[in-house]
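Numbers 646 to 871, taken from my numbering, label the letters of the sequence shown in order. Where is the CB? At the ideal position from N, CA and C, for every residue including glycine. First up is the structure itself, then whatever we jot down about it.
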Amino acid sequence: MSAIDDLRQTVARLRAPDGCPWDREQTHQTLARCLIDECSELLETIDRLDLPHMREELGDVLVQVVFHAQLAAERGDFDFDDVAREINEKLVRRHPHVFGPGRLNSSAEVLVQWDAIKRTERQAAGKSEATVFKPMPPQLPALMYAEAVWKQVGKKRLDVAGQVDGAEIRRLGADLTEEALGRRLFELAVAAQSKGLDPEGALRRETSRVMREAETAWRAANPPPS
């Protein structure tokens with residue numbers, strides 16, 4: 646029996662009527678915080694390139710996936726095999742340049758094809774493009790939220806000239822290094838704290854403003870057919 650099968654049996658045993666009282670009480674909702682905590686600890690080992698502890702933390706994240714799949718299996722919703730099968734099929738479907746006859750030569754080409762395949766999948770499922778920007782998790786940290794929005798601005802070539810100072814961005818990024826970026830972000834966080842300001846909220850609100858204005862401008866330039 647494989648190690649993953651051993652793990653699945655262990656989690657099922659913990660959830661059994663005579664299993665662990667704590668594990669038996671858990672739900673998808675109560676485990677959500679555990680997943681966040683375990684992912685955060687994994688990210689810390691990745692930042693440090695601490696491979697022995699990374700292996701351990703990957704296991705802690707994996708058990709969260711197995712636990713959620715066990716909860717779903719108990720309800721008859723789906724099981725771990727369904728989860729693995731669906732993601733495997735998605736990976737194969739979205740990499741025709743690897744598993745099919747076509748070939749791509751750059752990461753940029755892969756990303757363009759990936760987005761095209763996703764659009765085709767949404768259309769086949771009857772899902773319309775309700776907004777210019779794809780929905781993002783509300784729990785996403787503000788910096789990641791800003792990066793995700795800006796990535797979509799670039800991919801869709803949205804006009805943000807009136808919302809973002811491109812010249813200032815180019816000036817700031819001219820000689821920017823990761824070390825200098827970290828120092829500047831830390832200094833901004835400290836300055837915000839000394840003034841009683843919320844940098845996380847401020848960045849989230851500004852990103853949302855840019856997104857709203859860009860979407861408004863796009864809709865004005867692309868009215869629906871009458």
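At least three beta-carbon pairs within less than 8 Å, the stretch 696-716 to the stretch 659-678: Yes: at least three Cβ pairs fall under 8 Å.
Alpha carbon of G827 to alpha carbon of P786, nearest angstrom: For the purposes of this step, residue 827 is taken as residue 182 along the sequence shown, with counting starting at 1. For the purposes of this step, residue 786 is taken as residue 141 along the sequence shown, with counting starting at 1. Taking the Cα positions, G827 is about 16 Å away from P786.
Cβ contact (3+ pairs, closer than 8 Å) linking the stretch 799-812 and the stretch 854-864: Contact between the stretch 799-812 and the stretch 854-864 is present, because at least three Cβ pairs lie under 8 Å.
Distance CB(D705)-CB(E689) smaller than 8 Å: On the sequence shown, position 60 is the one that residue 705 refers to. On the sequence shown, position 44 is the one that residue 689 refers to. E689 is positioned such that its CB atom lies no closer than 8 Å to that of D705.
The alpha helix (DSSP H) enclosing K763, as first and last residue numbers: Counting from one through the sequence shown, the residue named residue 763 turns up at place 118. Note, K763: alpha helix (DSSP H), 752-769.
Of the listed residues L821, D760, G846, V798, nearest to V777 (C-alpha basis): Within the sequence shown, residue 777 is the residue found at index 132, counting from 1. Of the candidates L821, D760, G846, V798, the one whose C-alpha sits nearest the C-alpha of V777 is V798.
Three-way DSSP call (helix, strand, coil) for K735 in this model: Residue mapping note: residue 735 aligns to position 90 of the sequence shown, counting from 1. K735 falls in the helix class under three-state DSSP.
Residue ranges of each alpha helix (DSSP H) within the stretch 659-744, 4 or longer: Counting only runs of 4+ residues, the alpha helix (DSSP H) found wholly inside the stretch 659-744 occupies 666-670, 673-693, 696-720, 725-738, 741-744, in chain order.
Inter-residue spacing [alpha-carbon to alpha-carbon] between E860 and I649: The residue you call residue 860 lines up with position 215 of the sequence shown. The residue you call residue 649 lines up with position 4 of the sequence shown. If you take the alpha carbons of E860 and I649, they lie about 45 Å apart.
Distance CB(Q709)-CB(L680) smaller than 8 Å: Along the sequence shown, read from residue 1 onward, the residue named residue 709 stands at position 64. Along the sequence shown, read from residue 1 onward, the residue named residue 680 stands at position 35. If you check the CB distance, Q709 and L680 come in under 8 Å.
Endpoints, alpha helix (DSSP H) assigned at P794: Stepping through the sequence shown from its first residue, residue 794 is reached at position 149. Here the sequence assigns Val to residue 794, which means Pro is not the residue at that position. First-last of the alpha helix (DSSP H) with V794: 787-800.
Anticipated Cβ contact below 8 Å, L848 with L788, distance rounded: Walking along the sequence shown from the start, residue 848 turns up at place 203. Walking along the sequence shown from the start, residue 788 turns up at place 143. Indeed they touch by this definition, with Cβ atoms about 7 Å apart.
Neighbourhood of A793 by C-beta distance below 8 Å, restricted to the same chain and skipping five residues each side: Here residue 793 corresponds to residue number 148 of the sequence shown, with the count starting at 1. Result list for A793: M781, L785, in chain order.
W831 classed as buried or exposed, judged by whether at least 16 other C-beta atoms fall within 10 angstroms: Here residue 831 is taken as the residue at index 186 of the sequence shown, counted from 1. Correcting the residue identity first, residue 831 is Phe in this sequence and not Trp. With fewer than 16 other Cβ atoms within 10 Å, it is exposed.
Cβ distance (whole Å) where D843 is taken to contact K800 below 8 Å: Sequence index remark: in the sequence shown, residue 843 carries index 198 (1-based). Sequence index remark: in the sequence shown, residue 800 carries index 155 (1-based). Between K800 and D843 the Cβ distance is about 29 Å, and since that is not below 8 Å, they are no contact.
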